[in-house]
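Protein sequences, first through last, are from chains E and A.
Each step along the first sequence adds one to the number in the working numbering, with nothing skipped, and position 200 is 180.
Each step along the second sequence adds one to the number in the working numbering, with nothing skipped, and position 21 is 1.
The structure appears below as structure tokens.
2 protein chains.
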Amino acid sequence: MLKRTSAEEIRRELASRIISGVLPPGIALDETQLAAEFAVSRTPVREALRLLAASGLIDQKPHAKALVAKPDADVLAGMFEVMGYLEALCAGLCATMMRANEREALDALHAEMAAIVHAGDAARYAEANDAFHAAIYEGAHNTYLNDITRSTRQRLQPFRRAQFGALGRLAKSHAEHGAVVEAILRGDREAAEHAMRQHISIVENAYQQLVGR
Amino acid sequence: MLKRTSAEEIRRELASRIISGVLPPGIALDETQLAAEFAVSRTPVREALRLLAASGLIDQKPHAKALVAKPDADVLAGMFEVMGYLEALCAGLCATMMRANEREALDALHAEMAAIVHAGDAARYAEANDAFHAAIYEGAHNTYLNDITRSTRQRLQPFRRAQFGALGRLAKSHAEHGAVVEAILRGDREAAEHAMRQHISIVENAYQQLVGR
DNA sequence: GATGATTTGTACGTATGTATA
DNA sequence: ATATACATACGTACAAATCAT
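Structure representation (structure tokens):
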């Protein structure tokens, strides 16, 4: 999927800014301004915006500025719920589909994360956490499921910031991961699903508490 | 989400052609040609193609013609599998989330479909079938789940043609729907999930048999 | 393998619709 | 409420890359 077009580069950059929170939900995106910033014409910017709109990261109305997506509270809740199901499905499939080397890698990653928790390094944990979940998406061995789960996670990212900010979240998260890993290694699909579902629910609740709307 | 731009109109039209099979998987889409056909410049056509690419209906590579998506057999199998899970999830949620009037409407629709089966009208059944599944997506009361399930169904549509062609498929499909409806009306989430999962699996198998690759 | 024809990618100008004073 | 300013939607022109020959 390597696209050496400026439209694609711009799409990546804007997506990254939205996901990272540099461009917060609700903010307007000005084509002319972006064109100037990226030193290109408005054409590739427009195409990048169209892609972002299709992937749900921004909202577009005809003849109006594009806005970084800002889903209603209920839509957001629904997205978190779906994300829980999707991740649980991935974890469940891992229990039956993962190859031996994938299981070992997951176990090793989980062990590494224990050290990070002990060091209390929230930033590194967040990074490793992404890798952990990515490994589980991969382990399900279903390309499409991988795609939509990652996409959902991406779209929710702007609303999940600071999830490891609160003290104790790191250790809790790691413990929950432990239950998932153990079930997967045991080949227990139901348990893996359940453990992951619990894990994601808790993350959601952490969000609800944080933003409180 | 009403967009009165020509790009959006073109997107709709092309999506419709792809879903209906007028534009079969693997076929190339020429921007200039499409622009001439729709009597517009290439600009809105290009934007329409970008949207279709983002939604997965076409594949785009830089400097190459866009191709109507033609997933590998294993990717396709994965998509059908995911579709089964998504529909099952919707059905399960319907069992607990549907309002009384929604339950009545679903039951009524199912009854209407019995008559269509009796008449052996495959075309009308296909139409009613879409409405049936749409009602279940709606009944889950989760906007995002509704979106991704419809999107998945859409993307699979080109590979599901003639699913009601074989004699006896109509009656079988209707019977399977019956199990779903009964479980939903009873408020039995697990049973609704299971029944829908079975239903979708069978559709998938019908495909596998048909195309055989 | 080089070259010409064709197609996509980008720039820019004009028109149309939206929003704010 | 009307008008003015401004951003987007579309058309046209050119540049760059691909693929046939």
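Ideal Cβ positions, reconstructed from N, Cα and C, are used throughout, including at glycine.
Quick one, are the C-beta atoms of residue i and residue j less than 8 Å apart?
i, j, result
"Tyr124(E)", "Gly6(A)", "no"
"Arg(-9)(A)", "Leu47(A)", "no"
"His90(E)", "Gly158(E)", "yes"
"Phe144(A)", "Tyr117(A)", "no"
"Tyr65(A)", "Leu69(E)", "yes"
"Ala115(E)", "Leu86(E)", "yes"
"Ala111(A)", "Leu150(A)", "no"
Kindly list the residues whose CB is nearer than 8 Å to the CB of residue i, restricted to its own chain and excluding five residues on each side of it in sequence; keep chain order.
i, result
"Leu73(E)", "Gly119, Ala120, His121, Asn122, Leu125 and Arg169"
"Val160(E)", "Ala71, Ile116, Ala172, Ala175, Met176 and His179"
"Ile128(A)", "Leu66"
"Arg26(A)", "Glu11"
"Lys152(E)", "Ile182"
For residue i, I'd like the list of residues in its chain whose CB is within less than 7 Å of its CB, leaving aside the five on either flank, ordered along the chain.
i, result
"His154(E)", "Met93, Ala94 and Val97"
"Gln134(A)", "Ile(-1)"
"Val28(A)", "Strictly speaking, residue 28(A) in this sequence is Ala, with Val absent from that position. Result list for Ala28(A): Ala(-13), Ile(-10), Arg(-9) and Leu(-6), in chain order."
"Leu56(E)", "Phe139"
"Glu162(A)", "none"
"Arg130(E)", "Tyr117"
Which word fits residue i, buried or exposed, when buried means at least 16 other C-beta atoms lie within 10 angstroms of its C-beta?
i, result
"Arg(-16)(A)", "exposed"
"Val62(E)", "buried"
"Gln13(E)", "exposed"
"Gly148(A)", "exposed"
"Gly167(A)", "exposed"
"Gly192(E)", "In this prediction, Gly192(E) scores a pLDDT of 42, lower than 50, which makes its location untrustworthy; no coordinate-derived value is stated."
"Ala88(A)", "exposed"
"Asn109(A)", "buried"
"Ala16(A)", "exposed"
"Pro51(A)", "buried"
"Ala80(A)", "exposed"
"Glu84(A)", "exposed"
"Thr76(A)", "exposed"
"His43(A)", "exposed"
"Ala99(E)", "exposed"
"Pro4(A)", "exposed"
"Ala53(A)", "exposed"
Anything in chain E within Cβ reach of residue i, meaning under 7 Å, just list it in chain order.
i, result
"Arg(-16)(A)", "Pro42"
"Val48(A)", "Correct list: empty, because the minimum Cβ distance to chain E is about 17 Å."
Run through chain A and tell me which residues come within less than 9 Å of residue i, C-beta to C-beta.
i, result
"Thr123(E)", "Pro51, Asp52, Asp54, Val55, Gly58 and Met59"
"Val20(E)", "The contacting residues do not exist; Val20(E) stays about 15 Å from chain A at best."
Note down, in chain order, every chain E residue with its Cβ under 8 Å from the Cβ of residue i.
i, result
"Glu170(A)", "Residues of chain E passing the Cβ test: none, with the nearest at roughly 12 Å."
"Ile210(A)", "This structure leaves residue 210(A) out entirely; chain A is present only between -19 and 193."
What residues in its chain sit with their C-beta under 6 Å from that of residue i, if we drop five residues either side in the sequence?
i, result
"Gln40(A)", "Ala33 and Ala46"
"His179(E)", "Glu156"
"Glu67(E)", "Met176 and Ile180"
"Leu165(A)", "Arg83"
"Met78(E)", "Gly119"
"Arg(-3)(A)", "Leu3"
Who are the neighbours of residue i on chain A, taking C-beta pairs under 7 Å?
i, result
"Ala34(E)", "Leu31, Ala34 and Ser35"
"Tyr65(E)", "Leu69"
"Val97(E)", "Within 7 Å Cβ-Cβ: nothing; Val97(E) doesn't reach chain A, min ~31 Å."
Give me the chain A residues within the contact set of residue i, using Cβ-Cβ distance strictly less than 8 Å, ordered along the chain.
i, result
"Arg26(E)", "Glu27"
"Val2(E)", "What Val2(E) touches in chain A: nothing, since even the nearest Cβ is about 22 Å away."
"Ile164(E)", "Result: empty, since nearest Cβ-Cβ is about 18 Å, beyond 8 Å."
Residues of chain E with CB closer than 9 Å to the CB of residue i, please, in chain order.
i, result
"Val160(A)", "Correct list: empty, because the minimum Cβ distance to chain E is about 18 Å."
"Leu116(A)", "Just to set this straight, residue 116(A) is Ile in the shown sequence, not Leu. In chain order: nothing, as chain E lies at least about 15 Å away."
"Ile182(A)", "Chain E residues near Ile182(A): none, gap ~19 Å exceeds 9 Å."
Would you call the stretch 15 to 24 of chain E and the stretch 34 to 54 of chain E touching, i.e. three or more CB-CB distances under 8 Å?
no
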